[in-house]
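The block underneath contains the structure these notes are about, expressed in structure tokens.
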């Protein structure tokens, strides 16, 4: 059963039958807002929206690695990006980009992984609809949690969620914080506030 996450909500990443999850996928989906009327369609023609998913790995409060469209695999091979989708999808709840994390292979020094979304082409989230971030148990295909970007807004980035190591195992926290920036690098000052 999927949990719809609210900002700040935490969930434990345990299997339904007990035990820790080993392989999770953070999926991102979106589509451009469909304009109504001849003039609106004409003005927005050719304006594809390129959202980018990134995962920034932290250790003790400092960034140690990042996975994004120009670095598709973490240095230790535990985090993998599906590749860059430049236009989004049909808004049909399928992932347009995804990042898979093998929690059993994440380096012992990594204590948090933050997931971000940026509008590389600079359009604001007012021009995006049906945007979501979801966490899936990759071994079973079961969706564990979903965060829906529902309120749009005049910003170009979103700090979606983080996965953090705790004494009891891995835990996901929905952040849902709007921000400004076209790449994960632009978000680094904001990311540090969520560690």
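Residue numbers (the working numbering): 833 to 1027.
In this text, a Cβ means the ideal position worked out from N, Cα and C, and glycines have one as well.
Computed from a prediction, not measured in an experiment: that's the story for all the values here.
Identified DSSP bridge partners for residue i
i, result
"residue 1001", "998"
"residue 974", "969"
"residue 989", "950 and 1011"
"residue 854", "According to DSSP, residue 854 bridges with nothing at all."
"residue 913", "931"
"residue 897", "889"
"residue 904", "Looking at the DSSP assignment, residue 904 forms no beta bridge with any residue, so it has no partner."
"residue 962", "In the DSSP output, where bridge partners are listed per residue, residue 962 has none listed."
Of the listed residues the options, nearest to residue i (C-alpha basis)
i, options, result
"residue 929", "893, 906, 948 and 1002", "948"
"residue 992", "966, 974 and 962", "966"
"residue 1011", "988, 1002 and 1017", "988"
"residue 854", "1013, 1019, 971 and 1000", "971"
"residue 973", "885, 910, 926 and 894", "926"
"residue 904", "895, 979, 915 and 910", "915"
"residue 852", "911, 998 and 886", "998"
"residue 1025", "953, 884, 886 and 894", "894"
"residue 883", "1019, 1023 and 1015", "1015"
"residue 1017", "858, 899 and 860", "899"
"residue 963", "979, 913 and 1019", "979"
"residue 913", "958, 935, 858 and 892", "858"
"residue 939", "953, 906 and 954", "906"
Reduced DSSP category for residue i - H, G, I as helix; E, B as strand; rest coil
i, result
"residue 947", "strand"
"residue 957", "helix"
"residue 919", "For residue 919, the predicted model reports a pLDDT of 47, less than 50, meaning its position is unreliable and no value from the coordinates is stated."
"residue 1018", "helix"
"residue 1023", "helix"
"residue 937", "coil"
"residue 884", "strand"
Beta-carbon proximity of residue i to residue j, cut-off 8 angstroms
i, j, result
"residue 862", "residue 968", "no"
"residue 951", "residue 1007", "no"
"residue 996", "residue 990", "no"
"residue 937", "residue 897", "no"
"residue 944", "residue 1027", "yes"
"residue 931", "residue 885", "yes"
Whole-number beta carbon distance between residue j and residue i, since they are thought to touch under 8 angstroms
i, j, result
"residue 946", "residue 856", "Actually they do not touch by this definition, with Cβ atoms about 14 angstroms apart."
"residue 942", "residue 890", "7 angstroms"
"residue 956", "residue 1001", "Their Cβ separation, rounded to whole angstroms, is 37 angstroms, which puts residue 956 and residue 1001 out of contact at 8 angstroms."
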